Amino acid sequence: MNVEVSQIPTIASEFITTVVMPKAPTGLLKFGIGFVSPYIRDAVAVRVEQSLPTLKMLGIVDEGKVDLDRASAAAYAALEEAGGKVELSGYMVDKADIDALLEIAKKHAVE
Numbered sequence: 094m095n096v097e098v099s100q101i102p103t104i105a106s107e108f109i110t111t112v113v114m115p116k117a118p119t120g121l122l123k124f125g126i127g128f129v130s131p132y133i134r135d136a137v138a139v140r141v142e143q144s145l146p147t148l149k150m151l152g153i154v155d156e157g158k159v160d161l162d163r164a165s166a167a168a169y170a171a172l173e174e175a176g177g178k179v180e181l182s183g184y185m186v187d188k189a190d191i192d193a194l195l196e197i198a199k200k201h202a203v204e
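For the sequence shown, the working numbering assigns the number 94 to the initial residue and increments by one for each residue that follows.
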C-alpha cells in the first residue's frame with residue numbers, strides 16, 4: 094500500500110490533532126500542540142523535502158509514493174530497538190501511535 098509524498102503533511106497534521114493532542118499528559122502540552130498545529134503541515138512539508146533523498150535510497154519512497162509497509166516496518170523496528178517507548182517533548186510515543194498513524198495514512202492510500 095502506498096501514499097503520495099504530497100499527502101504526508103496532511104497525514105501528519107491529522108495525526109497530531111486527533112491522536113497526539115488528546116493524549117498529551119498536561120494542559121500545557123495540549124495548549125502547545127494546539128498552538129503549533131496550524132504550522133505543522135508546512136514544517137512537515139519542508140522536512141519531507143529535505144529527507145526525500147534518504148527515503149529514496151532506503152526504498153521507502155519510489156516514484157513519489159511512500160511504501161507504507163516498509164515505512165511502518167522501519168518505525169516498529171526503531172521503536173522496538175528504543176525499548177518500546179520514546180519520549181518526544183514530553184509525549185510518550187508507543188506502538189499505538191504508530192498503529193494510529195498507519196491507519197490515518199491508509200485513508201490517503203493510492204495504488
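Cβ atoms here follow ideal geometry from the backbone N, Cα and C, with glycine treated the same way. These numbers come from a predicted model, not from an experiment.
Gly152 and Ala168 have their alpha carbons spaced roughly 14 Å apart. Collapsing the DSSP output to three states places Ala202 in a strand. If you ignore the 5 residues before and after Ile126, its C-beta comes within less than 7 Å of the C-beta of Ile109, Val113, Met114, Ala117, all in its own chain and listed in chain order.
Between the alpha carbons of Leu148 and Glu156 lies a distance of about 11 Å. Residue environment analysis places Asp190 among the buried positions, since at least 16 neighbouring C-beta atoms fall within 10 angstroms of its C-beta.
Secondary structure of Lys158 (DSSP, three-state): strand.
Put simply, the stretch 185–199 touches the stretch 98–107. At least three CB pairs are less than 8 Å apart.
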